[in-house]
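Student:
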Amino acid sequence: MKKIGILGGVGWASTVDYYRAIAQGAGRYFADLGHGSPLPIPPMTIESVTQAKTRALRGVAGDEASWAEFDAVFREALLTLERAGCDFGIIASNTPHARLHAIRQGVAMPILSIFDATAEATASAGASSALVLGTAVTMQATDYADRLAKEGITANDRLPEPEIAEMQAMIDSEFYGGASDTARTRLLTFCNKHATPGTAVLLACTELPLAFPDHLDDPVFKSDGHLFINPSAAHVEAALKEALEG
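Spelled out as structure tokens, the structure:
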């Protein structure tokens, strides 16, 4: 098995879920092969960055220089994982993937993109359009739209800034440390407002899927009248395939 490097901490609740999902997914894989207990899991190292610090270091869209300190924190974390002997890395957060082109500079080990895994999952669901929900950085960037377009899927036009700010505030208040009791209701209200019939809703912040505990391991699922794509689960599937079969 290949050793997985997990760059976590943004935020910690989704990092915990990544570890759980990888461990349980590997267990199912080996159980299906007839392996007895204890079931193997891939070796893993987690390097956890401080979310309060990385949030403060966010730059301005379109200004590459303004992201230099943000990029450096994540790059050093990946290099730490590389020095720990990890064969490949995953970032357990959507937001830094918008900066992956810069963060991975100087990092030799492969980094699995959540954009690739999510676009492939969305295509497998047969969707032709998608609504991308996540942090302000994710919703202001075009990375998801650009990657989805390669699969023939049209992402939503950029939402107005007040709507993006509402989603960021929802993540900060309802999803920090896990999903609150009202998180799902608020999220579904937002989806009902912005998702047209037949549109796949991308839960493109790794905390958002926590509102659907019965579907944490499902890259694609239907709930409350919507077709949802769970990028976290798609990312975990890609990591398991690389670790166990790659």
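Per the working numbering, residue 393 is the first one in the sequence shown, and the count goes up by one each step.
Think of the CB as a built atom: it goes at the ideal place given N, C-alpha and C, for glycine as much as any other residue.
#1: I'd like to confirm the pairing. Which residues does DSSP put opposite I482 in its beta bridges?
#2: Is the beta carbon of L595 sitting closer than 7 Å to the one on F620?
#3: Using 8 Å as the threshold, is the segment 566-577 in touch with the segment 589-606, meaning 3 or more CB pairs across them?
#4: Is the number of C-beta pairs between the segment 501-508 and the segment 463-483 that are closer than 8 Å three or more?
#5: What's the call for A460, buried or exposed, on a 16-neighbour Cβ count within 10 Å?
#6: Please give me, in chain order, every unbroken run of the alpha helix (DSSP H) with length at least 4 that falls completely inside the segment 530-593.
#7: Residues in its own chain within less than 7 Å of L600 by CB, not counting five upstream and five downstream?
#8: First and last residue of the alpha helix (DSSP H) that includes I495?
#9: Specify the secondary structure class of F466 as computed by DSSP and reduced to three states.
#10: In angstroms, rounded to a whole number, what distance separates the CA positions of S406 and S520?
#11: Roughly how many angstroms lie between the CA atoms of R447 and E629, to the nearest whole one?
#12: Identify whether V612 lies in helix, strand or coil by the three-state DSSP scheme.
#13: Classify T527 as helix, strand or coil using the three-state DSSP reduction.
#14: What residue range is occupied by the uninterrupted beta strand (DSSP E) comprising H618?
#15: Would you kindly check if the distance between the Cβ of Q532 and the Cβ of A453 is under 7 Å?
#16: How is E439 classed by DSSP in three states: helix, strand or coil?
#17: Distance, Cα to Cα, A415 vs I433?
#18: Using alpha carbons as the reference points, say which of S624, L636 and A635 lies closest to Y410.
#19: Helix, strand or coil for A522, going by three-state DSSP, please let me know.
#20: Just to confirm the assignment, what range does the alpha helix (DSSP H) spanning T407 have?
#21: On a CA-only basis, which of L492, H618 and Y421 is nearest E456? Give me that one, please.
#22: Compare the Cα-Cα distances from A557 to each of C583, A528, Q443 and S458 and report the closest residue.
#23: Identify every residue that forms a DSSP beta bridge with L473.
#24: If the criterion is Cβ atoms closer than 7 Å, does the pair A511 and L471 meet it?
#25: Rounded to the nearest angstrom, what separates R576 and I398 at their Cα positions?
Tutor: On the basis of the coordinates in this document:
#1: I398 and L504
#2: yes
#3: yes
#4: yes
#5: Label assigned to A460: exposed.
#6: 535-541, 553-566 and 575-586
#7: L525, F567 and L579
#8: L492 to I495
#9: helix
#10: 28 Å
#11: Rounded to whole angstroms, R447 to E629 spans 27 Å at the Cα level.
#12: Three-state DSSP puts V612 in a strand.
#13: coil
#14: H618 to I621
#15: Contact: yes.
#16: For E439, the three-state secondary structure derived from DSSP is strand.
#17: 5 Å
#18: S624
#19: strand
#20: First-last of the alpha helix (DSSP H) with T407: W404 to D424.
#21: Ranking L492, H618 and Y421 by Cα distance to E456 puts L492 first.
#22: Comparing Cα-Cα distances from A557 to each of C583, A528, Q443 and S458, the minimum goes to A528.
#23: In the DSSP output, where bridge partners are listed per residue, L473 has none listed.
#24: no
#25: 27 Å
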